[in-house]
Amino acid sequence: MISQAIIDRILDTANIESVVSEYVTLRRAGANLKGLCPFHDDKTPSFMVSPAKGICKCFACGEGGNAVQFIMKIEQVGYVEALKLLGKKYGIEVEEKELTPEQRQSQNEREAMFAVNEWASKYYNELMQNDIDGRTLGLNYFRSRGFRDDIIAKFRLGYSLDKWDALYKEAISKGYKEEFLVKTGLCFKRENGQVTDKYRGRVMFPWFNVSGKIVAFGGRVLDSRTKGVSQKYINSSESIIYSKGRELYGLYQAKKQINKEDRVFMVEGYTDVLSMHQCGIENVVANSGTALSEAQIRLLHRFTNNITLLYDGDEAGIHAALRGTDMLLAEGMNVKILLLPDGDDPDSFARKHNATEFKEYVEQHQTDFIIFKTNLLLQDAGRDPLKKAKLTQDIVYSISVIPEEIIRASYIHECSELLGIEEAVLLRQTQKDRAAAFERIKKEQEQEKLRAQYLDRREKEQQGVTTPQGASATEASNNGETTPRVTPNGGTQTEVSAPASGGFSSPEEEEAFYALHGDDFPPPPHEEQQPILIETKKSKEDARLIGIEQMIMRLIVRYGEQNVTKQDEEGNDFSIPLARFVYEDLSADNITFRSELYADMLIDCVNHLGDDNFNASRFFRNNPKLDYSNEAVELLSERYQLSKGQVMQPEEELAPDYITHMLFDYKFAIIEDLLRQYQTQLADPTITRDPVRSNEILTQYMQLSDTQRRIAKLLGERVFIR
């Protein structure tokens, strides 16, 4: 659907460092860059980016790829949509061929919902700018709050008409489907079938995800209508593109400044974010008054380790400051608290001060969270020893979740002086809390392992794979029946087992089952007792050969188009591309790679050697065949980087010798495998009783042995025993 010329232009233009830095804060590490992996819960930077090779890779979870693959994974979109996103980033117009009705019907549901939200955002904004009600009510509201037009435009604020179905009718007339208007939460469908706009008569705040796509909306009823209204703000319901526990309002507009200043300010509401931007503080996000989730914290942690929580100075603000902070500490964040003067929230305070004044106030009044919490709870406890003991446990627990031992020790020392309690006592309690946490995590992991075993067993049963004889009771299926089990006190109780062949009828049933019976599962058997249901497909010899094939393919991916100098039968030098040399050398001996992927990659590379400006690395790295590009990333990745003082001979200079040695080594291994097979056949009584057959095998064996000796001589002195 997208021409190859456009695809090549996008791939050649896309800068992996620029693309990844939109989602991850990167730090220089030699010739590469590194940061926290966005694909798993990364505590220490394990995500590497190689600008020279145009790839990224996490050396903890294994995720990575080129710019297109990174976008596909981070945005959960298909190949075509990822190309469109990159094309938009670099100003490359992506023209698609006309889609058939069937192709249009099969377009990704997520893409359709994003498209609806994008249109709705423009619709709300244009109404506020051009409609008389929009200007009188919506635009006047924002201006009455003191917001400039540039801030209104920056956050794409808007207004929804106070009509039952204005947006719905306009959307349908533009060709958008009712299904996606309802799924995005812009409209809802009544029991009588009538479709109604959700945000009637409200000013609109679009929610952007970290890449700039609109995933949700928040709508605020106007001041004149707030009296008696139960919900001043309403937000989009959760959907496949929006989860309130995974998004932060303002992050898209703030991420560059967060990266630059290495700090993020956390506030509660939309207008807090807008006012701080207007006063010049842009590294700010809002959690919309809900407790922080682990997903939100990990999202922030990709951009900075430092967070300052800004709250009102009243009692409600103080309690809000304590929410979710233990999770921040557990993620390794450096947490500070800033309580604003009584009567002020971040919105009102920002409107009274410029950026310089705001930053000065922050530096003078922000407090380390642990110290803040200790002083606050000491005030609450007064002279009551029981309250003091309880608050001590509370504070020590917060310290115990901090992953860095040195930081924990520093806090224990500080709190010991503030609380008047010996460090040794606090240290013992900290260790006790950490031990309890580890036990809890261990139990959760065991439960998850049991759940995975059950799901695996259920899948095998559905595929018709029976449990082998001798399998333990926990491995055997009983189709949901109950089995007597001896209890520690000598009695019996009924053991509940998970449904087997039929499975759960719904996710809710599955969740309910584990909630009720999760603790009833017996512990998993020891590793040596685990039954082997499926034999390993590859033998040790296959694994060894494929390992050598991998080393050969590594050179082909890196330098396949570069010429190596060889000699013909008459001793004359000639040049040949490395990939073609490998292909012809193996073909001469009728050898094909055992790895089907490597065999296909080699042939494709050879077939494209004649292309203009062909580059093997780029060909594989940017290949639309995802198995090619994924494998290329693996072959191009390097875990460690040489320090500046170290010098290594360029690998391309060694490639001819490398490839010759590897091909001989590869053939040596193949012959060794064949000789082993012949030895097995010669020991077979049915063959030894057949003189003709045994002589044939023996002759082949001797010929291969002679070939092996000659290869060994070429490789250098090598001792081998059969």
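Residue numbers (the numbering used here): 507 to 1228.
Glycine is no exception: its CB is placed at the ideal position from the N, C-alpha and C atoms.
8 Å contact criterion, which residue i and residue j should meet: CB distance rounded
i, j, result
"Met-1168", "Ile-1054", "6 Å"
"Glu-837", "Ile-877", "Contact doesn't hold; Cβ gap of about 19 Å is too wide."
"Ile-508", "Glu-624", "Actually they are not in contact, since the Cβ atoms of Ile-508 and Glu-624 sit about 20 Å apart, beyond 8 Å."
"Thr-531", "Phe-809", "5 Å"
"Ile-1097", "Ile-1176", "7 Å"
"Cys-567", "Phe-576", "At roughly 14 Å, the Cβ-Cβ gap does not stay under 8 Å, so Cys-567 and Phe-576 are not in contact."
"Thr-702", "Met-619", "Not really, about 19 Å apart at Cβ, beyond 8 Å."
"Gln-635", "Leu-643", "Contact flag wrong, Cβ pair sits at about 13 Å."
"Lys-669", "Arg-706", "6 Å"
"Leu-692", "Leu-673", "6 Å"
"Leu-882", "Leu-924", "Contact doesn't hold; Cβ gap of about 11 Å is too wide."
"Ile-813", "Val-770", "5 Å"
"Val-902", "Leu-932", "6 Å"
"Val-586", "Arg-616", "Not confirmed; about 13 Å, so no contact."
"Arg-1127", "Asn-538", "That belief does not hold up - the Cβ atoms of Arg-1127 and Asn-538 are roughly 16 Å apart, past 8 Å."
Nearest candidate by alpha-carbon position, reference residue i, set the options
i, options, result
"Ser-666", "Tyr-1172, Lys-689, Ile-638, Phe-653", "Ile-638"
"Lys-579", "Ile-1165, Asp-1196, Leu-1132, Leu-1181", "Leu-1132"
"Pro-847", "Thr-1098, Met-839, Val-868, Asn-840", "Val-868"
"Gln-935", "Lys-896, Ser-1211, Leu-645, Cys-543", "Lys-896"
"Gln-510", "Val-583, Glu-950, Glu-581, Val-600", "Val-600"
"Leu-806", "Ser-1135, Leu-542, Gln-1206, Ala-1218", "Leu-542"
"Leu-834", "Asp-886, Lys-762, Pro-909", "Pro-909"
"Lys-879", "Phe-864, Ser-904, His-871, Ala-861", "Ser-904"
"Val-716", "Asn-698, Gln-759, Glu-676", "Gln-759"
"Arg-500", "Thr-873, Ser-1143, Lys-1173, Leu-1092", "Residue 500 cannot be examined here, being either before or after the span of the chain that is shown, 507 to 1228."
"Arg-534", "Asp-548, Phe-553, Asp-547", "Phe-553"
"Tyr-1134", "Gly-1116, Glu-1102, Leu-1115, Asp-1117", "Glu-1102"
"Glu-744", "Gln-763, Asp-886, Val-773, Trp-713", "Trp-713"
Where residue i sits in the DSSP three-state scheme
i, result
"Lys-669", "coil"
"Leu-1022", "At Leu-1022 the pLDDT is 46, less than 50, meaning the model places this residue with poor confidence; the figure from the coordinates comes in the next sentence. Of the three classes helix, strand and coil, the one that applies to Leu-1022 here is helix, per DSSP."
"Gln-937", "helix"
"Phe-771", "strand"
"Ala-792", "strand"
"Asn-812", "strand"
"Pro-1197", "helix"
"Gln-1073", "strand"
"Phe-565", "coil"
"Arg-651", "coil"
"Tyr-596", "coil"
"Pro-474", "Because the chain spans 507 through 1228 in this model, residue 474 falls outside it and cannot be assessed."
"Pro-712", "strand"
"Gly-644", "helix"
"Ser-556", "strand"
"Cys-1111", "helix"
"Cys-921", "helix"
"Asp-1079", "strand"
"Gly-570", "strand"
"Leu-1169", "helix"
"Arg-752", "coil"
"Ile-1054", "helix"
"Thr-777", "helix"
"Met-1208", "helix"
"Ala-943", "helix"
"Val-688", "helix"
Buried versus exposed call for residue i [16 or more other C-beta atoms within 10 Å across all chains shown]
i, result
"Asn-1119", "exposed"
"Ala-856", "buried"
"Pro-891", "exposed"
"Ile-1165", "buried"
"Val-779", "buried"
"Ala-558", "exposed"
"Ser-524", "exposed"
"Pro-1197", "exposed"
"Asp-514", "exposed"
"Leu-627", "What sits at residue 627 in the sequence shown is Ser, not Leu. Classification of Ser-627: buried, given that the 10 Å Cβ count is 16 or more."
"His-871", "exposed"
"Glu-911", "exposed"
Contact test: residue i Cβ vs the ligand NAP heavy atom, cutoff 7 Å
i, result
"Cys-785", "In terms of ligand content, the structure shown is empty, and the ligand NAP therefore cannot be addressed."
Handout entry: Validate contact between the region 1188–1200 and the region 1102–1115 using beta carbons, cut 8 Å, 3 pairs
Key = no
Exercise for the section: Determine contact between the region 785–800 and the region 643–663, defined as no fewer than three beta-carbon pairs at a distance below 8 Å. Expected result: no
Practice task
Evaluate contact between the region 1058–1070 and the region 1081–1089, counting only Cβ atoms and requiring at least three cross-stretch pairs below 8 Å.
Solution key: yes
Problem - Stretch pair the region 643–653 + the region 747–758: three plus CB contacts closer than 8 Å - result: no
Practice task
Count the C-beta pairs between the region 754–762 and the region 709–724 that are closer than 8 Å, then say yes if the count reaches three, no if not.
Solution key: yes
Practice task
Determine contact between the region 588–596 and the region 510–519, defined as no fewer than three beta-carbon pairs at a distance below 8 Å.
Solution key: yes
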